[in-house]
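Taking it in order: structure first as structure tokens, then the write-up.
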Ligand code: HEC
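In this note's numbering, the protein residues as written are 20 to 240.
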């Protein structure tokens, strides 16, 4: 008598049936992978997949114009589409640094005052109030004999005095060598104000008696 003959017939049928049944989930998954359905998929864990939302062009009574899509705020300019005077945002036209403040930045007392205020905030810790590179941070670093400390440049050297306004603007924006850039903290107009003030500061340290009004000269001599 063989082993299979001892298993009752109905058990064999039941086993064959269960074996066939065990393929059903797999077949369903396989079908679900390829079949197209109008109905939403079976979703056991919702997480945050389904949330109330407005689709493009849908109406929304919340707004006076009844549109869910909001128009851009008046005056919005897309990235890269800003039309400005050449040199204003990067200090150069093509490869050339602009020599003087760009058009639209008016050199007046207000600009210099603003530049002085911003310079005192952002630049003096390193460059010092007079711009000789002797700010408090630098003094402290030298006191501690910090081996990594690179002394801030004096703003009164021939080299820095000879730099174009655009170059100076770029130094403030992107930094130079070991100096970090301040473009993210200081707005474009404030950077130009600082440039103007640095020029005034440089002039003040290289002034001649001819720069002093004639009526005051005798009191200085
Ligand atoms: C954290 C300290 C620090 C601050 C703040 C700082 N600088 Fe400097 N600056 C330096 C250092 C250091 C150098 C010299 C870098 C080198 O030689 O590697 C330098 C160099 C310069 C130079 C010389 C660039 C050249 O043409 O060679 C100018 C101009 C200058 N800084 C302007 C400014 C202005 C304007 C500000 C304020 C917006 C400012 N710096 C803020 C540290 C600083």
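For glycine and all other residues, C-beta sits at the position ideal for the given N, C-alpha and C. As the structure is a computational prediction, the values presented were derived from the model and not from experiment.
Please name the residue, chosen from the options, that lies closest to residue i on a Cα-to-Cα basis.
i	options	result
residue 172	183, 196, 185	196
residue 225	207, 174, 213	174
residue 73	118, 139, 31, 87	87
residue 153	170, 140, 166	170
residue 210	220, 187, 199, 232	187
residue 181	30, 217, 63, 91	217
residue 129	104, 212, 115	212
residue 228	112, 27, 239	239
residue 204	76, 137, 61, 178	137
residue 104	120, 90, 114, 92	120
residue 151	165, 42, 166, 177	177
residue 69	76, 33, 77, 60	60
residue 168	198, 53, 208	198
Buried or exposed: where does residue i fall if 16 or more other Cβ atoms within 10 Å of its Cβ makes it buried?
i	result
residue 36	exposed
residue 206	exposed
residue 157	buried
residue 315	The question about residue 315 has no answer, for the chain in this structure spans 20 to 240.
residue 46	exposed
residue 222	exposed
residue 55	exposed
residue 117	buried
residue 113	exposed
residue 215	buried
residue 79	exposed
residue 220	buried
residue 235	exposed
residue 185	buried
Point to revise | Chain-ordered residues, beta carbon under 7 angstroms from a heavy atom of ligand 1 | key: This selection yields 138, 141, 142, 144, 145, 146, 156, 169, 170, 171, 172, 174, 178, 179, 182, 186, 187, 190, 191, 195, 196, 197, 198, 199, 201, 205, 213, 217.
Check your understanding: For the 8 angstroms Cβ check, are there 3 or more pairs between the stretch 92–112 and the stretch 159–167?
Key -> No contact exists between the stretch 92–112 and the stretch 159–167.
Check your understanding: Given 8 angstroms as the limit, is there contact between the stretch 133–147 and the stretch 116–125, that is, 3 or more CB pairs closer than that?
Key -> Taking 8 angstroms as the limit for Cβ pairs, the verdict is that the stretch 116–125 does not touch the stretch 133–147.
Review point. If you pair each beta-carbon of the stretch 106–113 with each one of the stretch 132–142, do three or more pairs fall below 8 angstroms?
Key: Judged by Cβ distances under 8 angstroms, the stretch 106–113 makes no contact with the stretch 132–142, as fewer than three pairs qualify.
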